[in-house]
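Residue numbers (this note's numbering): 13 to 1286. From the three backbone atoms N, C-alpha and C, an ideal C-beta is built for every residue, glycine too. Here is the structure we will look at.
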């Protein structure tokens, strides 16, 4: 079968459609040919694939060929079976007949002969020429067609169709296409089966000696090509994949040594996308093919099918994998290839795949994920091509023009040197070229980095080229090692591009120039580096057959341009793929080229992208390589803001990446720019250089409104001291993120030393809440800076440990408004009126220091401060609870006064607290005197005297204002009420009346203070109408002096008096209405309990104890006693069930005469006036509210007054019954009686009789137990 390879390749080149044979029995084809060919190619047909599954074919090309055509008649039987794919897939038989006899006798036998071959797919087209208006001819044509169907069609398959040339033919063409496609489908299935059987037979013997891959290839590719003709590209691709696997499985069988290929002059150019580039006859070897050409041929066939399937992304993916695997195969046979042919082939293969896939790819052709993967593979192809291209450039001496970047170093240092059998020798005519290379090497100097940064250049070779080249020479002598290294003593440390010392340069040059014609010497002499470059260049010129590729190595400019194009292509594709970081890294290589060409604007933009990637990923080693280049571009472009930022970022990198001198250079640039006049000053972000945190320990706690001092730790990454002209920190509230941050500032300049610094800042009053550090701002010279980075305290032995995580621990806590101090009166009992008394104020700090506190005192009316006696302060001690009633010796209380008593003075109306009282509860004693101009008045015993008025009269107010806090920013104001009273409450009553008219008057003394009172003397100055019996000195009858009155207890004194008739006296003299009681007493008490011994203004003169006594005076109003009662008034109780709204309530009052009147009226009747007043909001009374009634003068006579008012609210709701008042008046007696009813009295079960028995005296009195108020006048 190998002899048919030329014919097979020729058929593949010219044959690309399905053949349909036309058997023209009745010479109709010239007439209907155009109608048939207009339907080609067939659209949207379904064919069966290899697995007999229907596959939709969008377009099926075909061609109708007459069976008499030479293309079908000139084939040999063997050709027909081998190339069966080009045989007709259907036979269309064209017939016409107008008579049944003709059909039976002539046409039918001929048709039987034509269709007797069962291997062909056929069907008959009956062409009717009968005009539509000729019914007889039309009927005859129908009869003939019917007979034709009966003879040649069956139930299983319809093989006939009718074409009316002169009539409508709309359905015919659809029927024709259906029958043609059915024939093609059946033929295709039969042929697929045939090829599968043949291929199976050959596959079973592929490991036998009789195996012939050429035969297997022709059958396998015939099947694949048949699928391709039928546009079943998926099946065709699957056949080529199987063919490749079978070839790789059998090509290297043991015992079969074959040539690899690739030795022709143009084999350096990849033929991955052109299957017809080389004829199969050129690559056949015995019973198989050479691997070099055949594998490329198979890939080209696969790529062609993938392009037909609109899958260029798969071509790129397969192409990259194929190039990698095929490059490994080339490496095995590299020694047999021309110099660097493997690298050249990889370059051309990558460029060919890139160009083809790019041309066939259109946006939207694939899903987004597939599209990104396509661009990634494109980027990988560019990167592979770029690496191989740089390797070739390095071999011919362009290494100095390759950027020694990390990415280039990583790709080239791992890429092995070429491994030819013999390293190229130096041509004899290359002396001038060697001299030029020597000069180029001597002039090579690495471009100095900005800031004077010294870096050891990164390697671009896996090993020393000089050693590798000489080692691979055919016969290498030991030679001179110094000569081996080209006179470079330090060549072993790195690349041969390291500039030698001047002395070594002179030696090398003198040797080169002194023997220019010595290159044709012995091959045993080691080659120098320049000679290696020239030899490699000559060998590479012979290897590269593509002029465009060799042009890229013709000069440094052409090399840089090609290098730039490849880098751009890789970067752009990576940017569109998943691997965007690879694109950014390659942008750095592009920037290096523009930087070298002094195109600083584009270089700076690309460098910024690279630096942003490295900084974001935390690749500081890589960032240290690129950032100085960016800074240099920014400085040249006068981009001061960018240059400053780059300098700060350089300082922020790890200290081990740069020397101290280099870091100091960075800082000097920053300081210089900060103190210069910048055209457009911008804030500088030093977050990565200056970090801050609060000091360890609890947060600073302040009260609302308090200032404070905050201690903050700063870490400086500057190598030297740096001065901050201004400095501030913002505090951010954690409870309310919407609230703006508050700044705390330092008023003085701060010098930051390298490493840890601790500074203190004043904190103004803040709102309540927790605060964390927000941002650091300030100025370095005229430049404002800002830092957002937070530090964390490291271990004890590391002060520079920094973390950029935002702290959650608050640095400041401001408490919500709360009581910070409390002022309260030390005692609640009454003090002596009109005497100097110590008033104690308890000052209680509530978890707050009162250091430096000042108290302002303002007394109200009737109260004054006795400043001459000074102020006292002492610690407050809680007194043990004790029974005050059993207190016998008040001096015990006095002895308990704390020993730590300090004297204080009043200055400008304020008192300054001592420091020892700042955190403890203390008592401040203030000397006060309550002044009252009035005189105390006594009352009649049994009379209810309102206590409220007496208490109010004794109250005095002290307004206190305490200023405290760090700057007296806290104030506390409080008004304290102090109760002052007289020592005694005096009441009187007549205890008895003697026969001689003498009255015994009892004076009752009630102690008003919590102190022991000792009465030493007492006398009573009587009012007019009364006088003393006996001596008349006004002393009481019982003189048990001294008389001691315990706190809150009573004592009594009895006076003997009698009534005096004042009518005989001079009427012109004004009568004295009040009696005056005088009491001379002493007091013993503690100021911690209440009233106490008044403070003396000075020591008693000459021991006169009279000055220690005090005199109390009280006015008494004596009235004649009611010793002969005549009337009683009372009321009946209310219902016990309570009051209800709207329900009538009966209220009954009764007035009863107790005895007969001595001088009654003539008619024995007395007129009584009554009047009712009620609260209209709670009661309703209709009718008469005022009137007169008559009361008899006889004993036992009574009158009743009855009222029935309905309440407006129930008793359970507490209706106010106040102002339900009854008023009685006896005009002729001058007697007035007022009765008031209250709610809690209404339910009293008291009886009217009890009320009557209590009415004994006609003195002014109040009966509160039953809510009755009697008022009478004598």
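Based on the DSSP output, what are the partners of residue 1041 in its beta bridges? According to DSSP, which records beta bridges pairwise, residue 1041 is partnered with nothing at all.
Assign residue 1050 to one of two classes, buried (16 or more other C-beta atoms within 10 Å of its C-beta) or exposed (fewer than that). exposed
Using DSSP with H/G/I as helix, E/B as strand and the rest coil, what is residue 442? coil
If you pair each beta-carbon of the stretch 109 to 128 with each one of the stretch 35 to 42, do three or more pairs fall below 8 Å? yes
Looking at the strands, I want to know which residues DSSP matches up with residue 1062. Note: residue 1062 sits in a beta bridge opposite 1018.
The stretch 577 to 584 in contact with the stretch 388 to 406 per 3-pair CB rule at 8 Å: Contact holds: three or more Cβ-Cβ distances are below 8 Å.
For residue 271, three-class secondary structure by DSSP: coil
In the stretch 826 to 874, which residue ranges form an unbroken beta strand (DSSP E) of at least 3 residues, counting only runs that do not cross its ends? You should have 833 to 837, 848 to 857, 866 to 871.
Using the three-state DSSP reduction, which class does residue 914 fall into: helix, strand or coil? strand
Just grab the DSSP bridge partners of residue 54 for me. 72
Just how far apart, CA to CA, sit residue 1094 and residue 877? Using only the alpha carbons, I get a separation of about 23 Å.
Residue 258 by DSSP, collapsed to three states: which one? helix
Beta-carbon contacts of residue 485 that lie in its chain and below 6 Å, excluding the five residues immediately before and after: 435
On the DSSP bridge assignment, give the partners of residue 967 in chain order. 991
Considering residue 609, what are the terminal residues of the alpha helix (DSSP H) in which it resides? Where residue 609 is concerned, there is no enclosing alpha helix (DSSP H), given that its DSSP letter is neither H nor E.
For residue 369, the three-state DSSP class (helix, strand or coil): helix
Ranges of the alpha helix (DSSP H) found wholly within the stretch 277 to 341, counting only runs of at least 4: 292 to 295, 303 to 320
Going by beta-carbon coordinates alone, are residue 971 and residue 983 separated by less than 7 Å? Residue 983 is positioned such that its CB atom lies no closer than 7 Å to that of residue 971.
Tell me the residue span of the alpha helix (DSSP H) that contains residue 929. It is not in any alpha helix (DSSP H) - residue 929 carries neither H nor E in the DSSP assignment.
Is residue 585 closer than 7 Å to residue 373 when the C-beta atoms are compared? no
From 882, 540, 437, 115, residue whose alpha carbon lies closest to that of residue 547: 437
According to DSSP, simplified to helix, strand and coil, what is residue 101? In the three-state reduction of the DSSP assignment, residue 101 falls in the coil class.
Here's the rule: buried if 16 or more other CB atoms are within 10 angstroms of the residue's CB, otherwise exposed. What is residue 308? buried
Exposed or buried, what is residue 364 when buried is set at 16 or more other beta-carbons lying within 10 Å of its beta-carbon? buried
Express the C-alpha separation of residue 634 and residue 254 in angstroms, rounding to a whole number. 47 Å
Coarse secondary structure for residue 540, derived from DSSP in three states: coil
Reduced DSSP secondary structure (H/G/I, E/B, other) of residue 504: Since pLDDT at residue 504 reaches only 34, below the 50 mark, its modelled position is unreliable, and no value is offered.
List the whole-angstrom C-beta distance separating residue 1128 from residue 950, where the pair is believed to meet the contact cut-off of C-beta under 8 Å. The pair is a contact, with the Cβ atoms about 4 Å apart (cut-off 8 Å).
Are at least three pairs of beta-carbons, each pair with one atom in the stretch 93 to 112 and one in the stretch 56 to 72, less than 8 Å apart? Between the stretch 93 to 112 and the stretch 56 to 72 there are fewer than three inter-stretch CB-CB distances shorter than 8 Å, so the stretches are not counted as touching.
Since residue 784 contacts residue 822 with CB under 8 Å, what's their CB separation in whole angstroms? 6 Å
Assign residue 859 to buried or exposed, taking buried as 16 or more other Cβ atoms, counted over all protein chains shown, within 10 Å of its Cβ. exposed
Tell me where the beta strand (DSSP E) around residue 1001 begins and ends. 996 to 1005
Would you grab the beta carbon distance between residue 299 and residue 183 for me? Rounded to a whole angstrom, and I think it's under 8 Å. No, residue 299 and residue 183 are not in contact; Cβ-Cβ is about 55 Å, not under 8 Å.
Would you call the stretch 1054 to 1074 and the stretch 1011 to 1018 touching, i.e. three or more CB-CB distances under 8 Å? yes
Using alpha carbons as the reference points, say which of 378, 680, 390, 115 lies closest to residue 362. 390
Report all residues from its chain with a CB closer than 7 Å to the CB of residue 418; omit the five preceding and five following residues, and keep chain order. 470, 634, 637
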